[in-house]
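First up is the structure itself, then whatever we jot down about it.
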Amino acid sequence: MKEEETTIAIRLSEMRLIYKLIFLVAGGAVFFILFPFLLKYGRLMYIAYFLVLIVFAVIFRMVAGKKSFKITIWLWASGSIIYLLIAIFLIFKGVQPLPYVKMNQLELILYYLSYPLRVLGIFFTGLVFVAITSPIEFLKFGKLGLGIALIYRAFEYSISSFEENRIALMIQGSWPDFADSDSRIRLFFKLIRSTPLLIATTFRNIILWSPWAWICYNAIKKDIIRRMKDESIFNSNAGRSRSSSNNSH
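Going by the working numbering, the first residue of the sequence shown is number 99, and it counts up by one from there.
Listed below in structure tokens is the structure:
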């Protein structure tokens, strides 16, 4: 099973960048941009979205592995608990989420409950894209690609920093270890309590990492500009030599 998952991950990572970008854009479009326009299909649309979410979850599970999949689900669940408390209040008050659609009580419940599932779909899409794509692939686009690579590398670093901080907090006893014999409910509430500390620590590390990343970014940018100038000068000299040789003949 693990060998099959590794093979699938390698094949996905070997795809052309354009197909990876199409996957990323399609995931964002499916889970957020197109969702309000498909509400007219009612419950059938929610069933279809749930099936698509399962497909994305399976892909993420095969690409990222069991451990990353479980961490993602637990973090999503901890944030969803807080959201559901707010959603219950909004449903009780009958707050309409869309200005151009009037929903009844059942439609409001389905819409508000679908939001955390759509967020999970975005998580799966972005994390799969990060797992199968390297920042180096963007460098072929020159200065624009270098800027994209910097942003992408920052996101990639935030994920690795997030995991390192989680392990450090687990060692200190500030993060739940689900291998323990404690009850799942107790571990889950400990997860909710510890999540803000983990996020704050991760953001701090990203801020500390940013100056070094900016120095590397400018160094690579200067190198790209220098190579472009050298290539331009070389092409210009080659053109002159060809024209002079033609004139001599």
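For every residue, glycine included, the Cβ atom is placed at its ideal position computed from N, Cα and C.
query	result
Buried or exposed by the 16-neighbour rule on C-beta atoms within 10 Å, applied to residue 160	buried
Cutoff 7 Å; reference residue 237; Cβ partners in own chain excluding five residues on either side	243, 244, 247
Residue 232 - DSSP class collapsed to helix/strand/coil	coil
Limits of the unbroken alpha helix (DSSP H) element including residue 270	240-270
Proximity to residue 131 [Cα-Cα], best of 213, 187, 241, 309	213
For residue 112, three-class secondary structure by DSSP	coil
Pair within 8 Å by beta-carbon distance, residue 228 and residue 260	no
Supposed close pair residue 174, residue 218 - CB separation, criterion 8 Å	5 Å
Contacts around residue 239, its chain only, beta-carbon distance under 8 Å, and the 5 residues preceding and following it disregarded	246
Sequence ranges, beta strand (DSSP E) only - wholly within the segment 152-216, length at least 3	none
Distance CB(residue 220)-CB(residue 125) smaller than 8 Å	yes
Cβ-based burial, residue 105 [other Cβ within 10 Å; buried from 16]	exposed
Short Cβ contact (8 Å threshold) for residue 68 with residue 206	This structure gives no information on residue 68, because the portion of the chain shown stretches from 99 to 347.
Buried or exposed by the 16-neighbour rule on C-beta atoms within 10 Å, applied to residue 153	exposed
CB of residue 230 within 8 Å of CB of residue 317, strictly	no
Residue environment, residue 202, which counts as buried when at least 16 other CB atoms sit within 10 Å	exposed
Residue 146 burial status per 10 Å Cβ neighbour count (16 or more: buried)	exposed
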